[in-house]
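The listed protein sequences derive, respectively, from chains A and B.
Letter by letter, the first sequence follows residues 73 to 406 in the working numbering.
Letter by letter, the second sequence follows residues 19 to 451 in the working numbering.
By construction, the Cβ of each residue, glycine as well, lies at the ideal position given by its N, Cα and C atoms.
These numbers come from a predicted model, not from an experiment.
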Amino acid sequence: MVEVWYALVAFAIAAYVVLDGYDLGAGMLHLFVAKTDDERRAVLGAIGPYWDGNEVWLLAIAGALFVAFPAVLAAAFSGMYLAMFMVLWALAFRGISIELRGQSKNELWRAFWDFVFAVASVVLVLLLGVALGNVLRGFPLDPKGMVVMPLFADFTPSPPTGLLDWYTVGIAAFAMVALARHAALFVAWKSSGDLQTRCATTARRAMPVVLALWLAAWATSLSVAHLRFRPLAIVFTLAAAGALGASFVLARRARWRAAFVASSAFLASVVFGVASATFPTVLRSIDDKSSLDATAAASSPHALAIGSLWYGFGILAVVVAFARQFRQVERDRP
Amino acid sequence: MDGALLWHRLQFAFTALFHYIFPQLTMGLAPVIVWLRLRREERLADFLTRVFAINFAFGVVTGFPMEFQFGTNWAGLARYAGDVIGQTLAMEGIFAFFLESIFLGVLLWSKPTPRQKLGASIALWVGSWLSAYFILATHAFTEHPRGYVHAGDKLALVDLSEVLFNRWALTEVAHTLVAALVTASFVLAAMGAFYTLSKRHAPEARRLLGLGTALGLATSLAVAFPTGDQQAKLVARHQEPALAAMEGRFESGAMAGITLIGQPNVPEQRLDNPIRVPGALSFLAYGTFHGDVRGLNAFPRDEWPQNIELLYYAFHLMAGIGTLMIGLMALAMLQRFRKRLEATRPLLWTLMLAFPLPYIANAAGWLTAELGRQPWVIYGVLRTRDAASTNVHSGDVLFTLIGFCGLYLMLGLFFVFLIGREIMRGPGEAAHG
Ligand code: HDD
Ligand code: HEM
Ligand code: HEM
Chain A
73 MVEVWYALVA FAIAAYVVLD GYDLGAGMLH LFVAKTDDER RAVLGAIGPY
123 WDGNEVWLLA IAGALFVAFP AVLAAAFSGM YLAMFMVLWA LAFRGISIEL
173 RGQSKNELWR AFWDFVFAVA SVVLVLLLGV ALGNVLRGFP LDPKGMVVMP
223 LFADFTPSPP TGLLDWYTVG IAAFAMVALA RHAALFVAWK SSGDLQTRCA
273 TTARRAMPVV LALWLAAWAT SLSVAHLRFR PLAIVFTLAA AGALGASFVL
323 ARRARWRAAF VASSAFLASV VFGVASATFP TVLRSIDDKS SLDATAAASS
373 PHALAIGSLW YGFGILAVVV AFARQFRQVE RDRP
Chain B
19 MDGALLWHRL QFAFTALFHY IFPQLTMGLA PVIVWLRLRR EERLADFLTR
69 VFAINFAFGV VTGFPMEFQF GTNWAGLARY AGDVIGQTLA MEGIFAFFLE
119 SIFLGVLLWS KPTPRQKLGA SIALWVGSWL SAYFILATHA FTEHPRGYVH
169 AGDKLALVDL SEVLFNRWAL TEVAHTLVAA LVTASFVLAA MGAFYTLSKR
219 HAPEARRLLG LGTALGLATS LAVAFPTGDQ QAKLVARHQE PALAAMEGRF
269 ESGAMAGITL IGQPNVPEQR LDNPIRVPGA LSFLAYGTFH GDVRGLNAFP
319 RDEWPQNIEL LYYAFHLMAG IGTLMIGLMA LAMLQRFRKR LEATRPLLWT
369 LMLAFPLPYI ANAAGWLTAE LGRQPWVIYG VLRTRDAAST NVHSGDVLFT
419 LIGFCGLYLM LGLFFVFLIG REIMRGPGEA AHG
């Protein structure tokens with residue numbers, strides 16, 4: 073049961089990265105790839121019907137942790153207290169800017185909200201990347217299993233530990249570039265003309281950076297995050313490499329939808345690969361001595377069992393409903 | 019960290035009360051929209067859907083902080099009770115929120131046929147009431163814990179259905195959903211009155227007024243009796259100190275009266291200037307005038323709610339406004355039957371300006387529930403002081419609390435601006451690009 077929940081959490085994270093990833097990425101990019109008001113509206117229109125639902129995956133992650141590993145939720149969320157609220161406020165600003173932009177035709181008004189939208193998206197990706205880096209690197213845990221740490225200490229991943237160090241910032245940089253490329257492919261698929269051309273250029277330029285940062289992240293994680301070489305982890309990593317290659321080739325042939333799907337497969341495989349390389353640790357402590365493994369952190373067997381029934385069913389229902397929404401919305405697009 | 023507890027509580031209270039401004043209209047408006055679509059009144063339904071969508075977006079934006087705060091601010095609670103409340107909180111996300119966001123996407127972004135609009139509106143109704151159900155089941159667990167056992171240093175779930183079908187949850191869902199319908203009716207009536215007074219959209223104005231007053235009278239009655247009455251009976255049975263504090267009673271005894279007016283004087287342990295209806299409290303709480311209602315003095319001090327004055331005033335505000343609203347809606351219905359409603363300008367003005375009343379009553383009701391539960395987070399099981407995160411500095415919480423004050427002030431202004439524009443535009447005109 074513990075394994076099932078571990079996989080469900082990983083699935084929710086992967087879904088969030090793939091889905092909210094493209095609309096966060098679109099937020100980061102749109103100032104650069106969309107120059108005219110029509111182009112900006114095209115970008116917003118492409119993500120418009122979905123971003124709200126995509127964000128719910130963040131709740132699905134928190135929910136899965138709450139059901140299955142409440143101790144992890146408690147330690148990680150309270151330990152990254154201020155960062156979590158920055159995430160919340162950035163989410164709020166993104167929501168407002170989408171809502172308010174179209175309320176006036178005034179150019180300055182729109183430019184202002186476009187800017188807010190972009191900044192909030194960048195901040196979100198960076199923060200979530202840093203948070204992921206922290207989970208991988210491990211937290212300084214006190215005897216009660218709670219996290220106490222400053223924003224930054226000596227900027228290295230070894231103690232004294234802070235939220236920011238070169239490793240966590242590096243993970244955030246990888247997240248940023250990978251999602252920017254992911255979003256460029258998405259917008260390229262959903263658009264035409266100059267906008268599409270600029271997205272194509274962005275995706276092409278981002279490619280070597282994604283590759284380099286991914287390799288760097290792997291190399292440093294080996295020592296910093298104590299990844300375990302499991303067959304499953306290796307399979308996923310190879311799959312990720314294959315998907316990244318495929319998305320590169322498909323993007324060159326301007327097959328945008330396929331390239332975007334391949335990029336999604338890349339991101340999901342990266343998440344699954346890391347998840348299988350860190351199993352069974354769910355809350356790493358920096359010295360690895362007081363780390364919590366999945367069994368120790370898990371809820372009671374009954375809670376896990378009954379929870380997995382409805383959670384699994386719920387996720388299936390969500391996927392079906394989402395597919396229907398997608399069909400209907402895309403069919404009716406002007 | 020010492021001193022942080024107060025900020026944790028204030029922040030949670032502020033963000034929850036602010037969040038609740040939006041869901042109450044969402045939940046109340048959703049069935050009204052379905053009703054209008056069933057009757058093929060698409061123009062009005064489309065207009066209300068636009069109001070709904072703006073309101074919904076703000077509910078989403080303010081809802082995320084609520085969910086997160088269980089991890090950030092109430093880590094003690096999450097660790098201790100996650101086994102149980104994790105279930106219902108996550109159910110809300112999986113079943114309700116996905117449903118809502120997906121179908122709102124369909125309504126706003128595709129070109130649905132009237133049938134599909136009806137389907138999506140029904141889904142939104144179901145979704146919003148489901149989210150209320152799950153969150154209230156969670157909340158009811160904190161008021162009246164059921165379906166768990168103690169397992170070492172935390173709780174373990176033993177029976178999910180006892181959590182979901184907790185007596186307290188069912189009562190609370192009924193009272194809260196009816197209260198949400200009250201909010202929607204007052205908003206409908208206010209819009210109707212506004213259009214009537216400004217001589218615009220005459221057919222819709224009449225319809226809005228009609229809907230608002232009819233639904234308003236029915237739900238204002240139902241919010242007091244039977245649902246509010248049932249809530250009070252539960253509190254009387256299971257949270258005696260809370261009932262005593264809500265009524266400002268210090269001494270015990272049968273023939274307990276209901277306080278209509280009076281100021282609790284906690285240092286002197288009495289109620290100043292009381293006007294009471296003798297026996298009424300005994301009757302309402304236990305169904306007989308001889309019901310023995312224990313006062314606060316019958317309980318040790320550390321089981322008293324900490325803020326008795328606020329609890330007392332909050333409860334009386336809720337019940338007082340409830341009574342006022344019944345009177346107002348009854349008057350409006352009377353004038354409607356005499357076909358004079360649209361000509362009675364003072365009454366129209368009153369209806370137009372009365373829409374804040376249910377919002378205030380709802381906020382007061384939440385204060386009553388949450389203050390009455392004190393000093394417990396989970397009644398009789400976990401104390402509030404043990405629920406807060408121990409590793410967060412009070413300065414950090416104060417900082418985020420101040421941040422929320424600023425952010426929500428801005429959000430509130432934007433909300434008023436957006437809703438105001440939509441209402442000024444009125445039914446019938448197409449949405450903008
Ligand atoms: C339009 C709003 C509204 C109105 C007019 C009323 N209520 Fe209410 N009340 C609520 C909206 C509300 C609420 C916001 O929905 C609460 C907060 C928690 C809950 O379950 O419902 C609530 C809670 C609440 C509680 C606290 C339960 C607890 O401690 O958990 C009691 C005892 C009552 N109500 C009783 C009444 C009575 C006797 C009313 C008579 C007029 C009344 N309410 C009117
Ligand atoms: C502390 C408690 C609460 C938490 C943690 C919470 C959490 C949330 C979250 C995360 C959302 C956004 C969902 C989305 O993405 O669609 C939301 C919206 C919503 N919440 Fe809450 N909420 C709380 C209190 C309440 C209460 C008391 C009710 C009703 C009785 C309620 C009803 C709703 C509804 C109907 C929505 C849909 C959006 C809207 O109405 O604007 N919530 N809530
Ligand atoms: C999911 C269910 C909920 C849980 C577990 C919960 C838990 C808590 C906690 C831990 C506190 C702070 C400590 C305390 O004072 O009790 C609190 C306070 C408060 N909550 Fe809730 N809450 C829930 C739902 C709600 C909702 C939906 C609202 C209103 C919309 C609300 C309104 C308040 C208010 C006004 C306070 C301040 C009371 C005080 O500080 O004494 N709560 N609640």
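- A straight line joining the alpha-carbon of B:L425 with that of B:R225 spans about 37 Å.
- In the displayed model, B:G280 falls within a strand according to three-state DSSP.
- Looking at the DSSP output, B:K172 shares a beta bridge with B:A169.
- Contact check for B:V79 against B:L431 fails: the beta carbons are separated by 8 Å or more.
- For B:V395, the enclosing beta strand (DSSP E) has its first and last residue at 394 to 396.
- With 16 or more other Cβ atoms from the protein chains shown falling within 10 Å of its own Cβ, B:H26 counts as buried.
- Among the residues of chain A, none has a CB under 9 Å from the CB of B:M442; the nearest is roughly 13 Å distant.
- Residues of the same chain with a CB within less than 8 Å of the CB of A:I133, apart from the 5 flanking positions on each side, are V81, A84, I85, Y88 in chain order.
- Setting aside the 5 residues that flank it on each side, A:D365 is surrounded in the same chain by P352, T353, each with a C-beta closer than 6 Å to its C-beta; the list follows chain order.
- Contacts with chain B (Cβ-Cβ distance below 7 Å) from the stretch 339 to 357 of chain A involve no residue at all.
- For ligand 1, a non-hydrogen atom lies closer than 7 Å to the CB of B:H193.
- Its Cα nearest to that of B:Y98, the residue B:L175 stands out among B:L175, B:K135, B:A75, B:W127.
- Proximity of B:G421 to chain A, defined by a Cβ-Cβ separation below 8 Å, is satisfied.
- Spanning the alpha carbons of A:A393 and B:I112 requires a straight line of approximately 12 Å.
- When DSSP states are grouped into helix, strand and coil, B:F373 belongs to the coil group.
- Minimum Cα-Cα distance from B:A34 among the listed residues B:R267, B:F82, B:L252, B:A254 corresponds to B:F82.
- Residues of chain B whose Cβ lies closer than 9 Å to the Cβ of A:G93 do not exist, since the nearest Cβ in that chain is about 17 Å away.
- Apart from the 5 residues on each side of it in sequence, A:V401 sits with its Cβ closer than 6 Å to the Cβ of P121 in its chain, given in chain order.
- Taken through DSSP and simplified to helix, strand or coil, A:V159 comes out as helix.
- By the criterion of a C-beta distance shorter than 8 Å, B:S270 is surrounded in its chain by D310, V311, R312, G313, N315, A316, once the five residues flanking it on both sides are discounted.
- Interface criterion met: the Cβ of A:P121 is under 8 Å from a Cβ in chain B.
- A:V342: member of the alpha helix (DSSP H) spanning 328 to 350, first to last residue.
- In this structure, the C-beta of B:I396 stays at least 7 Å away from each heavy atom of ligand 1.
- B:E440 places its beta carbon 8 Å or farther from that of B:R61.
- Inside the stretch 371 to 405 of chain A, DSSP marks whole alpha helix (DSSP H) runs of 4 or more residues at positions 373 to 403, from first to last along the chain.
- Relative to ligand 1, the beta carbon of B:E222 is positioned no closer than 7 Å to any heavy atom.
- Contact between A:D237 and A:F227 holds: their C-beta atoms lie close to 5 Å from each other, under 8 Å.
- B:T160 does not reach chain A, its nearest Cβ partner there being about 15 Å away, counting only Cβ pairs nearer than 8 Å.
- A direct Cα-to-Cα measurement between B:F152 and B:L182 gives close to 8 Å.
- Using a 10 angstroms sphere on the CB of A:F187, the tally of other CB atoms stays under 16, which defines it as exposed.
- Between A:A331 and A:A323, the C-beta gap is smaller than 8 Å, which places the two residues in contact.
- Of all residues in the stretch 97 to 111 of chain B, only R97, G100, D101, G104, Q105, L107, A108, M109, G111 come within less than 7 Å of chain A when Cβ atoms are compared, listed by chain position.
- Residue contact with chain B for A:H374: present (Cβ-Cβ distance below 8 Å to some residue of chain B).
- Membership of A:V354 in the beta strand (DSSP E) is indicated by the continuous run 353 to 355.
- Taking 8 Å as the CB threshold, B:P376 stays off the interface with chain A.
- Non-local beta-carbon contacts of A:F344 in its own chain, meaning distances under 7 Å to residues more than five positions away in sequence, involve A82, A86, F308 in chain order.
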